[in-house]
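Enquirer: FYI, in our numbering the residues of the sequence shown are 512 to 946.
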Amino acid sequence: MPTPLLRQTDFRWFFTGRLVSLLGSSLAPVALAFAVLDASRSPGDLGIILAARMVPLLAFLLVGGATADRFSRRTVLVYANLGSALTQGGVAALLLTGHYSLLLVASLEVLSGVLAAFTTPALRGVVPQLVGKAQLRQANALLGSTSNATKVLGPSLSGILVVAAGSGPAIAFDALTYLLAAGCLARLSLPAGATTSRPSAVLTDIRDGWTEFRRIPWVWVVTVSSCLMNLVQTGTWQILGPTLTKQISGEATWGFVLSARGIGLLVMSTLMYRLMVRHLLRLGQLMSALGALPLLVLGTHLSAPWMIAAAFTAGLGSSVSGISWDTSLQEHVPAHVLSRVSSYDDLLSYIAIPIGQLSVGPFAQTFGGFTVITTTGIAYAAVAVIPLASTAVRRLPHAQADRVQPPIAHQVSRPAPQSPATLVNQAANDGNVKG
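1) Using CA coordinates, which residue listed in 733, 855, 776, 542 is at the minimum distance from residue 895?
2) Please report the straight-line C-alpha distance between residue 907 and residue 855, rounded to a whole angstrom.
3) At what residues does the alpha helix (DSSP H) containing residue 864 begin and finish?
4) Reducing DSSP to helix, strand and coil, say where residue 696 ends up.
5) Where does the unbroken alpha helix (DSSP H) through residue 897 begin, and where does it stop?
6) Pick out the complete alpha helix (DSSP H) segments inside the region 605-640, 4 residues or longer, and give them in chain order.
7) To which residues of the same chain is residue 757 closer than 6 Å at the C-beta, ignoring the five residues directly before and after it?
8) Rounded to whole angstroms, how far is the Cβ of residue 522 from the Cβ of residue 641, which I believe are closer than 8 Å?
9) For residue 699, count neighbouring Cβ atoms within 10 angstroms of its own Cβ and tell me buried if that reaches 16, exposed if not.
10) Consult DSSP for residue 519 and reduce its assignment to one of helix, strand or coil.
11) Return helix, strand or coil for residue 912, following the three-state DSSP convention.
12) From the DSSP output, in three-state form, read off residue 921 for me.
13) Label residue 517 either buried or exposed according to how many other C-beta atoms from any shown protein chain fall within 10 Å of its C-beta, with 16 as the threshold for buried.
14) Would you check if the region 627-634 and the region 571-583 touch, i.e. whether three or more CB-CB distances between them fall below 8 Å?
15) Please determine, among 586, 717, 828, 808, the residue with the shortest C-alpha to C-alpha distance to residue 782.
16) Measure the Cβ-Cβ separation of residue 853 and residue 662 and say whether it is below 9 Å.
17) Take residue 809 and list the residues in its own chain whose beta-carbon comes closer than 6 Å to its own, dropping the five residues that flank it on each side.
18) If I follow the unbroken alpha helix (DSSP H) through residue 768, where does it start and stop?
19) What does the alpha-carbon distance come out to for the pair residue 886 and residue 863?
20) Should the region 578-588 be called in touch with the region 648-661, which here means at least 3 C-beta pairs below 8 Å?
21) Using the C-alpha atoms, what's the distance from residue 748 back to residue 849?
22) In whole angstroms, give me the CA-to-CA distance for residue 708 and residue 637.
23) Between the C-alpha atoms of residue 686 and residue 530, what's the straight-line distance to the nearest angstrom?
24) Note the first and the last residue of the continuous alpha helix (DSSP H) segment covering residue 742.
25) Could you pull out every residue in the same chain whose Cβ sits closer than 7 Å to the Cβ of residue 891, ignoring the five residues on either side in sequence?
26) Check this for me: beta carbons of residue 730 and residue 840, under 9 Å apart or not?
27) For a minimum of 4 consecutive residues, which ranges assigned as the alpha helix (DSSP H) are wholly contained in the region 552-610?
28) Cα separation between residue 592 and residue 822?
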């Protein structure tokens with residue numbers, strides 16, 4: 512019987528580092544928003560600073576994925592967290608000394624976005640190096656519970672801290688959490704050298720990652736679905752959600768709706784620790800369709816209790832979807848290309864978000880907000896379940912308890928296969944991968 516996750520030294524250090532880092536990161540957005548608005552009195556400054564982080568994050572994701580596959584993921588994560596501590600510390604110093612400058616803060620956020628592009632692929636790739644395949648779902652559920660708990664508690668704590676001490680100390684605390692996280696991650700006993708023996712260039716690694724991504728059917732099918740879901744849902748929910756909720760039941764309801772969704776995320780991520788199903792990816796795609804409920808409820812002018820219940824249910828579905836996706840990738844994508852495949856998944860999923868955000872306003876002016884949000888809900892549900900038409904998605908197996916293998920960190924390192932086609936065949940024999 513596998514050792515419980517939190518009794519495994521490496522996973523315990525990783526879990527602690529993630530908990531500390533996520534707590535700090537959950538405080539930062541609220542503190543940064545208030546800090547910029549107080550210092551500049553300009554919403555435009557805040558928009559520029561947020562974009563300054565998002566653009567380099569998208570631009571460097573593929574490089575981050577190639578780097579995480581080429582070098583030790585522990586090393587990548589440690590240096591990325593140290594760099595983030597410096598950038599957030601720089602922002603905090605500017606605010607604490609009263610020297611706010613749009614150019615300086617935006618420049619630091621650019622660096623922060625670049626570092627995040629290296630962090631995200633490495634995080635997804637490091638979990639299979641810490642635990643055996645049979646414990647991946649439990650590991651992702653535990654990490655998901657931690658993330659969701661900080662999402663529920665973090666913004667409230669940040670508001671209290673900003674009121675009591677100001678935005679500068681809140682961002683300084685975020686910088687400190689990055690330092691503590693780097694210390695925890697440095698304790699991981701993962702390989703210190705490169706994870707592949709190939710002397711290829713980074714651009715070659717990126718191209719090989721694309722070859723691997725597009726040749727694994729269930730990965731690109733689900734990624735395309737995620738891209739379309741983000742296109743129709745994210746901007747609509749962020750922009751029309753609070754506006755239409757205010758019209759129906761008042762401003763206060765929107766806060767309860769967001770909290771209910773967060774609670775749903777937390778509840779289901781806790782339940783997923785013990786839930787065992789044969790086809791995890793199939794379940795995740797079905798449950799992701801629940802994200803349409805708040806849009807449809809809002810579009811049909813239902814009252815606040817219905818909105819809150821729908822948001823809670825959507826949170827349940829989103830949690831299953833996220834955990835099933837991460838687990839499926841980690842179970843079936845070969846370890847030495849996992850970060851690159853994940854980076855393509857993230858890039859193609861996220862790139863649609865700003866397009867949706869820019870489109871929703873003109874559509875709402877032309878057709879009306881309630882019509883747009885109802886249509887979006889129907890489209891979202893349809894796009895979520897379309898991947899189930901693929902046999903590769905429906906039949907992808909979830910690792911069973913009898914398929915236990917030792918953590919990759921303790922296996923003998925072997926050279927990577929010589930060609931991407933070999934990797935694709937290996938993945939197909941394992942059962943397909945989800946992207």
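For each residue, glycine too, the CB sits at the ideal point set by N, CA and C.
Expert: Walking through what the data contain:
1) Locating residue 895 in the sequence shown gives position 384, where the first residue counts as 1. Closest option to residue 895, Cα to Cα, is 733.
2) For the purposes of this step, residue 907 is taken as residue 396 along the sequence shown, with counting starting at 1. For the purposes of this step, residue 855 is taken as residue 344 along the sequence shown, with counting starting at 1. Straight-line Cα distance between these residues: approximately 20 Å.
3) Numbered from its first residue, the sequence shown carries residue 864 at position 353. Here the alpha helix (DSSP H) through residue 864 covers 863-878.
4) The residue given as residue 696 occupies position 185 in the sequence shown. DSSP places residue 696 in helix when its eight states are reduced to three.
5) Indexing the sequence shown from 1 puts residue 897 at position 386. Per DSSP, residue 897 belongs to no alpha helix (DSSP H) and is neither H nor E.
6) none
7) Counting from 1 along the sequence shown, the entry for residue 757 is found at position 246. So the list is empty, once near-sequence residues are dropped.
8) Mapped onto the sequence shown, residue 522 falls at position 11. Mapped onto the sequence shown, residue 641 falls at position 130. So it is a contact: roughly 5 Å between Cβ atoms.
9) Start at 1 with the first residue of the sequence shown, and residue 699 comes out as number 188. Per the 10 Å Cβ criterion, buried.
10) The sequence position of residue 519 within the sequence shown is 8, counting from 1. In the structure shown, residue 519 sits in coil (DSSP, three-state: anything other than H, G, I, E or B).
11) By 1-based counting over the sequence shown, the position of residue 912 is 401. Because the pLDDT of residue 912 is 39, which lies under 50, any placement of that residue in the model is unreliable, and the question is left without a value.
12) The sequence position of residue 921 within the sequence shown is 410, counting from 1. Reliability fails at residue 921, whose pLDDT of 36 lies under 50, so the model's placement of it is uncertain and no value is given.
13) As a first step, residue 517 is located in the sequence shown; it is residue number 6 there, counting from the start. When all chains shown are included, residue 517 counts as exposed.
14) yes
15) In the sequence shown, counting from the first residue as 1, residue 782 sits at position 271. Taking only the C-alpha atoms, the option nearest residue 782 is 828.
16) On the sequence shown, position 342 is the one that residue 853 refers to. On the sequence shown, position 151 is the one that residue 662 refers to. Taking 9 Å as the Cβ cut-off, residue 853 and residue 662 do not qualify as a contacting pair.
17) In the sequence shown, the residue the question calls residue 809 occupies position 298. The residues are 755, 884.
18) To locate residue 768, count along the sequence shown from 1; it is residue 257. It spans 762-782 - the alpha helix (DSSP H) in which residue 768 sits, taken as one unbroken run.
19) Numbered from 1 along the sequence shown, position 375 holds the residue referred to as residue 886. Numbered from 1 along the sequence shown, position 352 holds the residue referred to as residue 863. Roughly 18 Å separates the two Cα atoms.
20) no
21) Your numbering for residue 849 matches position 338 in the sequence shown. Your numbering for residue 748 matches position 237 in the sequence shown. Taking the straight line from one Cα to the other gives about 31 Å.
22) Position 197 of the sequence shown holds residue 708. Position 126 of the sequence shown holds residue 637. Because the pLDDT at residue 708 is just 46, under 50, the model does not fix this residue reliably, and the value given afterwards should be weighed accordingly. Looking at the two C-alpha atoms, the distance is approximately 18 Å.
23) Counted from its first residue, the sequence shown places residue 686 at position 175. Counted from its first residue, the sequence shown places residue 530 at position 19. Residue 686 and residue 530: Cα-Cα distance of roughly 14 Å.
24) Walking along the sequence shown from the start, residue 742 turns up at place 231. 728-746 is the extent of the alpha helix (DSSP H) around residue 742.
25) Here residue 891 is taken as the residue at index 380 of the sequence shown, counted from 1. Excluding residues within five positions, the ones whose Cβ falls inside 7 Å are 740, 743, 744, 802, 803, 806.
26) Stepping through the sequence shown from its first residue, residue 730 is reached at position 219. Stepping through the sequence shown from its first residue, residue 840 is reached at position 329. Yes, these two residues count as a Cβ contact at 9 Å.
27) 554-581, 584-607
28) Position 81 of the sequence shown holds residue 592. Position 311 of the sequence shown holds residue 822. Cα to Cα, residue 592 sits roughly 33 Å from residue 822.
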